[in-house]
Amino acid sequence: MNYKVPVIPGDGIGPEIIAEGQKVLQAAADKYNFSLDWIEYSLGAEHYLKTGELVSEETLKDLGRYPAIYLGAIGDPRVRPGVLEKGVLLAMRFYFDQYVNLRPVKLLEGIWTPLKDKTPKDIDFVVVRENTEDFYVGIGSRARRGKSHADFEIKRTLYNIKFGLDIDTDSEEIGYQIGEISREGTKRVIKYAFDLAAKRHNKVSSVDKANVLSDIYGFWREVFQDVAKGYPQVKTDFNFVDAITMWFVKNPEWFDVVVAPNMFGDIITDLGAMIQGGLGLAPGANLNPEGTSMFEPIHGSAPKYKGQNKVNPIATIWSGALLLEHLGQSKAAADIIAAIERNLFEGKIKTYDLGGSSTTSEVGSEIARLVGLV
């Protein structure tokens, strides 16, 4: 079996960590007799500064021919914050309708957690974050004193929405942001969470702030309850976002699959990364189960470490394991995670953030070696 996989090394440390991910995935491919053909795309800061282009329609159409994209990191201090993130990352998520952001929160053997007395058996859950709606749809602006009007439009695979906003204010200046969730978009991501829980431990925990933002997140709860009726074997509970941050710290063992709207999912997954050992160990996936998905670490491009060969590549390698699982190579994916865990448990080859002095490439080479032994 041959798989063609687009790879976007991106900015900062992206090329370094992607190289180690490719090294480990190649070791798994050799072990299980399949091949990987990498197709590199030079999206990111260098491309933008050279051409003024973020990502073209032609490039998006070309990427859409493949089931999985491997991404390093996007972001560069030479470019105004948000330009690359919105113009490349969010553009791809929306274009490919990657409506699930999947984040495993799993403490591996050999890793210290800041949670007192918690062990790997206590920290092993998955956050399913809705990835295309909520307050991240990018609708908002500012208005000065007096009357004004603004028009906004959301174009999605599932639906289109137009907003016309008349503003009359005596404030010197206001800023506003509009969030929206749809029944279709909410239902499909919650259903994904229930289907995942049915393969794990039959529990789904919902996250919202329905006690304050009742229109948008009360709607979320309503859809959750409707979907839950189709899964009588799955236990459910509701959590306000502020409360779940407490429970992640105090009782992470309560959770199996956590499903959250876009903004809250973004927040709680960073906390999840910390309790599993840090951002260097946190993989992520942006999924369209019926289309093109994208796999990346949840950390940023860390430009101050660019070219130093010192950052931790494990989140990127683990994201690569998720990519292989998505392609149907579940045994290869499992072996990569087992190799990561063995590397961490042995503790001989590790980067500075884990108390070691090994280089990025040394860690990648060691995990690639261990793939053949697990």
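Under my numbering, the first residue of the sequence shown is numbered 154, with each subsequent residue one higher.
A virtual CB, placed ideally from N, CA and C, is assigned to each residue, including glycine.
Residue i lies in the alpha helix (DSSP H); which residues open and close that run?
i	result
residue 513	513 to 524
residue 337	336 to 352
residue 415	415 to 428
residue 436	From DSSP, residue 436 is part of no alpha helix (DSSP H) but of the beta strand (DSSP E) over 436 to 440.
residue 403	394 to 403
Quick check on residue i: buried or exposed, where buried means 16 or more other Cβ atoms within 10 Å of its Cβ?
i	result
residue 272	exposed
residue 153	Given that the chain is displayed from residue 154 to residue 527, the structure contains no residue 153 and the question cannot be resolved.
residue 370	buried
residue 399	exposed
residue 327	exposed
residue 494	buried
residue 262	exposed
residue 198	buried
residue 291	exposed
I'd like the list of long-range same chain contacts for residue i, defined as Cβ closer than 6 angstroms, with 5 residues on each side in sequence excluded.
i	result
residue 190	157
residue 491	527
residue 377	343, 359
Tell me which residue opens and which closes the beta strand (DSSP E) that residue i is part of.
i	result
residue 226	221 to 226
residue 490	Where residue 490 is concerned, there is no enclosing beta strand (DSSP E), although the alpha helix (DSSP H) it sits in stretches over 483 to 499.
residue 376	Unbroken run through residue 376 is the alpha helix (DSSP H), 367 to 381; no beta strand (DSSP E).
residue 450	446 to 450
residue 191	188 to 193
residue 322	313 to 333
Whose C-beta lies closer than 8 angstroms to the C-beta of residue i among residues of the same chain, with five residues either side of it excluded?
i	result
residue 219	157, 158, 159, 192, 445
residue 479	220, 221, 438, 440, 446, 448
residue 325	297, 298
If contacts are defined as beta-carbon pairs under 8 angstroms, then residue i and residue j qualify, I think. What distance do you get, rounded to the angstrom?
i	j	result
residue 359	residue 374	7 angstroms
residue 507	residue 465	7 angstroms
residue 402	residue 421	Rounded, the Cβ-Cβ distance is 11 angstroms, inconsistent with contact.
residue 224	residue 170	At roughly 10 angstroms, the Cβ-Cβ gap does not stay under 8 angstroms, so residue 224 and residue 170 are not in contact.
residue 471	residue 436	4 angstroms
Of all the options the options, which has the alpha carbon lying nearest to the alpha carbon of residue i?
i	options	result
residue 442	292, 232, 344, 391	344
residue 288	334, 237, 164, 222	334
residue 302	523, 203, 349, 293	293
residue 457	363, 320, 239, 229	229
residue 386	396, 300, 356	356
residue 318	300, 155, 363	300
residue 433	419, 320, 497	497
residue 438	473, 324, 155	473
residue 330	286, 311, 206, 247	286
residue 216	245, 520, 382	245
residue 381	522, 323, 350	350
Spatial neighbours of residue i within its chain, please: C-beta separation below 7 angstroms, excluding the five flanking residues on both sides.
i	result
residue 354	409
residue 431	506
residue 515	502
residue 227	163, 164, 197, 237, 238, 241, 242, 454
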